[in-house]
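In what follows, a structure is listed as structure tokens, so that the remarks can point back to it.
There are 2 protein chains.
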Amino acid sequence: MHPSALHEKDGIEQPEIISSASVSQIQQFRRKQPSAQQLIDGILKGNKIALSRAITLVESTSPAHLEKANEVIKACLPHANQSVRVGITGVPGVGKSTFIEAFGKYLTSLGKKVAVLAVDPSSSLSHGSILGDKTRMEELVKDENAYIRPSASGESLGGVARKTRETIILCEACGFDTILIETVGVGQSETAVHSMVDFFLLLNLAGAGDELQGIKRGIMEMADAIVINKADGDNIKRARLAKTEYNRALHLFPMKNSGWSPKVTTCSALTNEGIADVWDTITDYFQLTQDNDYFSKKRREQNQYWLLETINEQLKRNFYNHPDIQILLDENKKAVQNNEISPFAAAQLLLEKYFK
Amino acid sequence: MHPSALHEKDGIEQPEIISSASVSQIQQFRRKQPSAQQLIDGILKGNKIALSRAITLVESTSPAHLEKANEVIKACLPHANQSVRVGITGVPGVGKSTFIEAFGKYLTSLGKKVAVLAVDPSSSLSHGSILGDKTRMEELVKDENAYIRPSASGESLGGVARKTRETIILCEACGFDTILIETVGVGQSETAVHSMVDFFLLLNLAGAGDELQGIKRGIMEMADAIVINKADGDNIKRARLAKTEYNRALHLFPMKNSGWSPKVTTCSALTNEGIADVWDTITDYFQLTQDNDYFSKKRREQNQYWLLETINEQLKRNFYNHPDIQILLDENKKAVQNNEISPFAAAQLLLEKYFK
Numbered sequence: 000m001h002p003s004a005l006h007e008k009d010g011i012e013q014p015e016i017i018s019s020a021s022v023s024q025i026q027q028f029r030r031k032q033p034s035a036q037q038l039i040d041g042i043l044k045g046n047k048i049a050l051s052r053a054i055t056l057v058e059s060t061s062p063a064h065l066e067k068a069n070e071v072i073k074a075c076l077p078h079a080n081q082s083v084r085v086g087i088t089g090v091p092g093v094g095k096s097t098f099i100e101a102f103g104k105y106l107t108s109l110g111k112k113v114a115v116l117a118v119d120p121s122s123s124l125s126h127g128s129i130l131g132d133k134t135r136m137e138e139l140v141k142d143e144n145a146y147i148r149p150s151a152s153g154e155s156l157g158g159v160a161r162k163t164r165e166t167i168i169l170c171e172a173c174g175f176d177t178i179l180i181e182t183v184g185v186g187q188s189e190t191a192v193h194s195m196v197d198f199f200l201l202l203n204l205a206g207a208g209d210e211l212q213g214i215k216r217g218i219m220e221m222a223d224a225i226v227i228n229k230a231d232g233d234n235i236k237r238a239r240l241a242k243t244e245y246n247r248a249l250h251l252f253p254m255k256n257s258g259w260s261p262k263v264t265t266c267s268a269l270t271n272e273g274i275a276d277v278w279d280t281i282t283d284y285f286q287l288t289q290d291n292d293y294f295s296k297k298r299r300e301q302n303q304y305w306l307l308e309t310i311n312e313q314l315k316r317n318f319y320n321h322p323d324i325q326i327l328l329d330e331n332k333k334a335v336q337n338n339e340i341s342p343f344a345a346a347q348l349l350l351e352k353y354f355k
Numbered sequence: 000m001h002p003s004a005l006h007e008k009d010g011i012e013q014p015e016i017i018s019s020a021s022v023s024q025i026q027q028f029r030r031k032q033p034s035a036q037q038l039i040d041g042i043l044k045g046n047k048i049a050l051s052r053a054i055t056l057v058e059s060t061s062p063a064h065l066e067k068a069n070e071v072i073k074a075c076l077p078h079a080n081q082s083v084r085v086g087i088t089g090v091p092g093v094g095k096s097t098f099i100e101a102f103g104k105y106l107t108s109l110g111k112k113v114a115v116l117a118v119d120p121s122s123s124l125s126h127g128s129i130l131g132d133k134t135r136m137e138e139l140v141k142d143e144n145a146y147i148r149p150s151a152s153g154e155s156l157g158g159v160a161r162k163t164r165e166t167i168i169l170c171e172a173c174g175f176d177t178i179l180i181e182t183v184g185v186g187q188s189e190t191a192v193h194s195m196v197d198f199f200l201l202l203n204l205a206g207a208g209d210e211l212q213g214i215k216r217g218i219m220e221m222a223d224a225i226v227i228n229k230a231d232g233d234n235i236k237r238a239r240l241a242k243t244e245y246n247r248a249l250h251l252f253p254m255k256n257s258g259w260s261p262k263v264t265t266c267s268a269l270t271n272e273g274i275a276d277v278w279d280t281i282t283d284y285f286q287l288t289q290d291n292d293y294f295s296k297k298r299r300e301q302n303q304y305w306l307l308e309t310i311n312e313q314l315k316r317n318f319y320n321h322p323d324i325q326i327l328l329d330e331n332k333k334a335v336q337n338n339e340i341s342p343f344a345a346a347q348l349l350l351e352k353y354f355k
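In order, the protein sequences belong to chains P and U.
Numbered by numbering that gives the first Met the number 0, the letters in the first sequence go through residues 0 to 355 in order.
Numbered by numbering that gives the first Met the number 0, the letters in the second sequence go through residues 0 to 355 in order.
As structure tokens, this is what we get:
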């Protein structure tokens, strides 16, 4: 999809889809440069257009925008954190979009305000492979209690993850109490999403006996629930079999620190069968982890994790983007491959150059 | 165990245990400061005392020693790499030492020269929890074709891993063709060892139905073979059952890049039953990965991994050890916990201070 097509479909800044925004609100925030204070006021009043403009600042690479974004985030922080953050992953084809559409509609029917975000570092290349094609969430996108934002783009997962994590804060300050964060079942993006959510949900399909084969390294271990999607029609029996298989597989993993035993359920985003069960499972989890104080402990740890992670990433970026270092690194990589120098001696050479 | 006791038992610099070293060799290398060239010559001639002295340099924290160590390693590099590197892990109590004794003796009986190293970052605290108590490898330590060296000590896993990886180079240049690297079944040390060996072996015990419970995150996935130890006496039946269980569990994981399907075998370090099978499995693995060129590809990747890993670790150490940064970091950690500042804004503050 072409980026401009994505933007047109985005629907966020398109008044015809945002039924909750009055004409005056739209005019106010469609101005080229709303001030930080205007954005803050708008967000705290629940204005989705102000929210979108602020997220655009967070996603910007301009230092001036970054400074403004930080000001907005700082003011939003005391109003954030009152939410449930759910990560949703699954390989392509598992039906993530239809599941989120059905699940999101169910949540808004309970009176919840639902924000749907995505972490997809590949989106800058593919122009939004997840949450890009909004037609797959046709109904949810029109729901005034839902807000859908495609993945930030960026060169690195770290950059995309930072933007998403700050976006969570803005959404929460804007009154969204349930944050769903979708990710692709590829690479390290699950780990990044896992470290910014309270509950991690793995969406799977029933398959032949080998349905566990395709599950990526460690992802099953992160899951607080496995939901077998497309449990409808001819598929129901296979879905139940898969449920037994997954339950057995989950027993192979050690007890979680949360004290929670991961659950396996089946659902159909087509018939809505089992969609309520998913929310009940999440509610049970929150009850348990709020009672045993794991919930707030995990959030504190996640904050600290992101502080250190951001520092470490920037330290590396500063080193590896240094022009002299890049030349020297290329030379030393070759020397290491040819066994002319040990990896450690080569590292030492490079570090001496850098710190001098 | 007291450090001096460890040193006395070490046996490496104790002439009475090194039957292969002539008195003149011992005298030559017991001198306080053999030159780098003397060490190189000694190592290339297969002298274990020169090897031990060079490893001591590698393990030193003195800059002068480090420079000398680098000189020795550089000269050894063209003579290294002609070996088989096997990582061996398993939780305490699984019988790693008795297994390595039996396995090492079997290998020397085949005419192999076996070096046994260890990666145990806790050893600086516990004064050598693995490979420290040499009485458990009584026979192997006296074998002239074996060389045993306890884990380097160090504050960080990264430091211990670096030392071990350079020690591998020295051992190979000294003529050791089979390098066994033991590690404890704890934390990140498996990952470090996995990234320096060709073949990774997980030692396990048969147990009740829940024997898979205790297996650490990701370790089973790294294993090229699972060996169920203590398959003797009353235990044989349970060991066979465990073998079936582990075989089933291994099917849950995706295909390895090596094209190798991990094997499960049983053995007894007491009766020597199954010890030869372990080596046969490893031999099969080497045949396959040399035919499909995965073997050399993996070694090249490991070299590059260690180059980058060493750089990244040093960049972090330089930042976090900076006195001003330490104070500022403590302040910002608290502010982040209290939601006064976002983790990203705090990171930015710290980085600005550091790079200024």
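Just so it is clear, CB atoms sit at the ideal spot from N, CA and C, and this is done for glycine as well.
- Contact of U:F294 with chain P is not assigned, every C-beta pair being separated by 7 Å or more.
- U:E189 is a Cβ neighbour of U:I218, given a cutoff of 7 Å.
- At a C-beta separation below 8 Å, P:L76 has these neighbours in chain U: N338, E339, I340, S341.
- The C-beta separation of P:N271 from P:G89 comes to about 18 Å, leaving the pair out of contact by the 8 Å criterion.
- Contact annotation: U:E165 and U:V83 have beta-carbon atoms that are not nearer than 7 Å.
- Looking at the DSSP output, U:Y319 sits in no beta bridge, so it has no partner there.
- Following the DSSP letters along the chain, one finds P:I178 inside the beta strand (DSSP E) bounded by residues 177-182.
- Using a 10 angstroms sphere on the CB of U:F318, the tally of other CB atoms reaches 16 or more, which defines it as buried.
- The Cβ of U:L350 sits closer than 7 Å to at least one Cβ of chain P.
- Listed along chain U, no residue sits closer than 8 Å to P:V71 by beta-carbon distance, the nearest being about 10 Å off.
- Spatial neighbours of U:I54 in its own chain (CB-CB distance under 7 Å, excluding positions within 5 residues in sequence) are listed in chain order as R148, T166, L169.
- Residue environment analysis places P:K296 among the exposed positions, since fewer than 16 neighbouring C-beta atoms fall within 10 angstroms of its C-beta.
- Going by DSSP, U:F199 is part of the beta strand (DSSP E) stretching over 198-204.
- Residue ranges of uninterrupted beta strand (DSSP E) with 3 or more members, entirely inside the stretch 78-110 of chain U and ordered along the chain, are 83-88.
- Within chain U, no C-beta atom comes nearer than 8 Å to that of P:K255; the closest sits roughly 11 Å away.
- Under the DSSP assignment, U:L116 falls outside any alpha helix (DSSP H), being part of the beta strand (DSSP E) whose first and last residues are 113-118.
- Taking 7 Å as the CB threshold, P:V335 lines the interface with chain U.
- Burial check for P:P62: the Cβ neighbour count within 10 Å stays below 16, so the residue is exposed.
- A straight line joining the alpha-carbon of P:D292 with that of P:G94 spans about 34 Å.
- Interface annotation, U:W305: in contact with chain P, CB-CB separation under 7 Å.
- CA-to-CA, the gap between P:W305 and P:K67 works out to about 20 Å.
- For P:A145, the enclosing beta strand (DSSP E) stretches over residues 145-147.
- If the five residues before and after U:D40 are omitted, its C-beta is found closer than 8 Å to the C-beta atoms of A49, all from its own chain and listed in chain order.
- Among the residues facing chain P, U:R316 is not included, as its CB has no counterpart in that chain under 7 Å away.
- In this structure U:L179 is buried. Its beta-carbon is surrounded by 16 or more other beta-carbon atoms within 10 angstroms.
- Note on U:T182: 16 or more other CB atoms within 10 angstroms of its CB, so buried under the neighbour-count rule.
- At a C-beta separation below 7 Å, U:T309 has these neighbours in chain P: P342, F343, A346.
- For U:K229, no beta strand (DSSP E) segment is defined, and its DSSP state is neither H nor E.
- Given a length threshold of 4 residues, each whole run of the alpha helix (DSSP H) inside the stretch 248-299 of chain P is given here in chain order: 274-290.
- According to the DSSP assignment, P:E165 belongs to the alpha helix (DSSP H) that extends over 156-172.
- Of all residues in the stretch 152-167 of chain P, those with a C-beta nearer than 8 Å to a C-beta of chain U are R161, R164, E165, reading in chain order.
- As the crow flies, the alpha-carbon of U:V277 is around 22 Å from that of U:R298.
- Residue burial annotation: U:N331 is buried, with at least 16 other C-beta atoms found within 10 angstroms of its C-beta.
- In terms of Cβ geometry, U:A114 and U:F175 form a close pair [threshold 7 Å].
- In this structure U:N320 is exposed. Its beta-carbon is surrounded by fewer than 16 other beta-carbon atoms within 10 angstroms.
- Cβ neighbours of U:T280 within its own chain (closer than 7 Å, five residues either side excluded): A224, K262, T264.
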